[in-house]
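For the sequence shown, the residue numbers in our numbering are 14 to 534.
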Amino acid sequence: MSDSKRGDPKRILIFDTTLRDGEQSPGCSMNLKEKITLARQLERLGVDILEAGFPIASEGDFESVKAIADSLERTCVAGLARTSDADIDRAGEALAKARHPRIHTFIATSDIHLEHKLRMGREQVLEEVDRAVRRARGFTDDVEFSAEDATRTDWDYLVQVFKAAIDAGATTLNVPDTVGYTTPVEYHELIRYLRAHVPGSDDVIFSLHCHNDLGLAVANSLAAVQAGARQVECTVNGIGERAGNTAMEEVVMALKTRPDHYEGLDTGIVTTEIYPTSRMLSSIIGIPVQPNKAIVGDNAFAHEAGIHQHGVLNAAITYEIMTPQSIGRPSNELVLGKHSGRHAFRDRLAELGYDLEDAEFQKAFKRFKDLADRKKSIYNEDLEALVADSVGRQEGRFALADLVITSGTFATPTATIELQVDGEPHKATAQGDGPVDAVFKAITEVTQTKCELEQYQVKAITGGMDAQGEVTVTISDEGRRVIGHGAHTDVIVASGRAYVNAINKLEWHKSRRGSDEPRGI
Ligand code: KIV
Ligand code: ZN
């Protein structure tokens, strides 16, 4: 973390935890390639600190923190660690090659957590803080300490905890509202109290970290900023545990849009990368953004009421407090078609934040050409689904090679499928209540997966009769729930792909069970 950023009193640091606090929420898990793609986009977006994961949680977490640390140039990369030596050492190891490493260590400080979770006394926790921060300083001079459940912690004890962290060498002090319990006025007072009472507080950065259980995460975050916190911990689209974390794009645009109110405080975010980043995350995890979501929702800039439309046409300022262009929303113009070549395809992918390796690019280009044969107008949304399909979603033991169905008013729906299993072709035929059911049954006959279909959703990616359908399926087995996605102009093919994608994920989790199961916090 450069001193100029830390030293500028008007600069709000953005600490992005999409890949840690966001990724550990249900349905948001990403594979290594997806995490690296998103991390690179977050660097383009200009986040100051990127929390890449929790290295001791699993081999996969360790590998992804390491890979991100190795590949980012400008961004500070953080790894999360509890206070144990093993946690800190593992984080230090994962960050060994980072240009700007940060160890983020935490322990709960509320009496509720001390009594029911940690079974430790207050003195013991102070000792843990001291030991952990000192050990982390052995790896890097950029150490963040978080007092988990700070907003339900006795304020004077919190002062002692933070003093211990500063004395041991912490440079950032985080005040998490872990359970989304606080309110704007209360959080504002807490931050002011800590800044006034923690000895040495002028030499450290105070950070906020809010969860959205009462729908107050962004309001609380902005209140903390007004009280002098200078680091905002947040996630893209507000994804995260339970009701989510502070939505990065909302805080950034609130500061940008209201400099009069926020006294010119600003972030280093390249706001035109906000929308592409939001789209990329949504297409990787397959969780759509709600249409009325502030800043990045489909309707955020749509003016339906006639009187509004009239006003906006005369002068946008009548009903628009910021422009869609300022967050990088393209007008939904036709982007590519049947005659577009490799160059145009590569350029457009780069604009959307995708930098594919050669083999991946060739695979994606072939799928693009296939799609262009079936669909006249190819929009950005089509390309995002196509890249997600050809890069992220094809990993695993199973791949759908072919699918034929017969169905109709009087015919019994029947599906014949061919699956590649570890590279070998396997065929199956099954009947079902409908064509999708028949396809799922035929696939299950080959994979022999025991699972329950919890949810099936289909939506058109763009408008038009030839639009691609995007299918999302949620399946579960023994309490493990995974989400699969597939896109195609034929929704039955999209369904088959989504189901195979979900089964691959389930199989992957099963193969890791026992040894390497990720543990969130
Ligand atoms: O919510 C929380 O308390 C956390 C900490 C680890 C910062 O995520
Ligand atoms: Zn959190």
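Don't be surprised by glycine CBs; every beta carbon is placed ideally from N, CA and C.
key: Those runs of the alpha helix (DSSP H) which lie wholly inside the region 138-207 and span at least 4 residues   = 168-181
message = Based on DSSP bridge pairs, tell me the residues matched to K518.
response = DSSP lists no partner for K518.
message = Please report the distance separating the alpha-carbon of K351 from that of A385.
response = 5 Å
ask   = From what residue to what residue does the beta strand (DSSP E) around E64 run?
value = I62 to G66
Of the listed residues L235, L413, M261 and H501, nearest to E276 (C-alpha basis) = L235
key: Segment limits, beta strand (DSSP E) that includes T548   = Past the edges of the chain, shown from 14 to 534, lies residue 548, and the structure says nothing about it.
ask   = What do you reckon, is the C-beta of H222 under 7 Å from a heavy atom of the ligand KIV?
value = yes
message = In this structure, how does DSSP classify D100 when only helix, strand and coil are distinguished?
response = helix
inquiry  = Taking 8 Å as the limit between beta carbons, can you name the residues of its chain near D540, skipping five residues before and five after?
reply    = Only positions 14 to 534 of the chain appear in the structure, and residue 540 is not among them; the question remains open.
ask   = From T259 to R387, what distance separates their C-alpha atoms?
value = 41 Å
key: Cβ-heavy atom distance, S159 to the ligand KIV, below 7 Å   = yes
inquiry  = Is any non-hydrogen atom of the ligand ZN found closer than 7 Å to the C-beta of N258, if you look at the structure I gave you?
reply    = yes
inquiry  = Check this for me: beta carbons of E397 and M261, under 8 Å apart or not?
reply    = no
key: Per-residue burial, D190 [other beta carbons within 10 Å of its own, 16 or more giving buried]   = buried
request  = Give me the Cβ distance between I298 and C41, rounded to the nearest whole Å; I'm assuming they're in contact under 8 Å.
outcome  = 5 Å
request  = Identify the continuous beta strand (DSSP E) that holds Q375 and give its terminal residues.
outcome  = Q375 -> not in any beta strand (DSSP E); alpha helix (DSSP H) instead, spanning D371 to R387.
inquiry  = Just to confirm my understanding: we take G324, look at its own chain, exclude 5 residues before and 5 after, and list those with CB closer than 6 Å. What are they?
reply    = T331 and Y332
query = Mind checking F374: buried by the 16 CB within 10 Å criterion, or exposed?
reply = buried
task = Out of T485, A70 and L326, state which residue places its alpha-carbon closest to the alpha-carbon of I474.
result = T485
request  = Since I believe G492 is in contact with A546 (beta carbons under 8 Å), could you give me their beta-carbon distance rounded to a whole number of angstroms?
outcome  = Within the shown structure, residues of the chain are numbered from 14 to 534, placing residue 546 beyond reach of any answer.
inquiry  = So for S528, helix, strand or coil by DSSP?
reply    = The predicted model places S528 with a pLDDT of 42, which falls under 50 and marks its position as unreliable, so this point remains unresolved.
query = Comparing the CB of D34 with every heavy atom of the ligand KIV, is any distance shorter than 7 Å?
reply = yes
task = Taking the CB atoms as reference points, tell me whether L110 and A121 lie closer together than 8 Å.
result = According to the sequence as given, residue 110 is Lys; it is not Leu. For K110 and A121, no; Cβs fall outside 8 Å.
Separation of G310 from V90, as counted between CA atoms = 28 Å
ask   = Taking 7 Å as the cut-off, does the CB of A517 come closer than this to any heavy atom belonging to the ligand KIV?
value = Reading off the sequence, residue 517 comes out as Asn, not Ala. It does not: the Cβ of N517 is nowhere closer than 7 Å to a heavy atom of the ligand KIV.
inquiry  = Mapping the DSSP letters down to three states, classify L229 as helix, strand or coil.
reply    = coil
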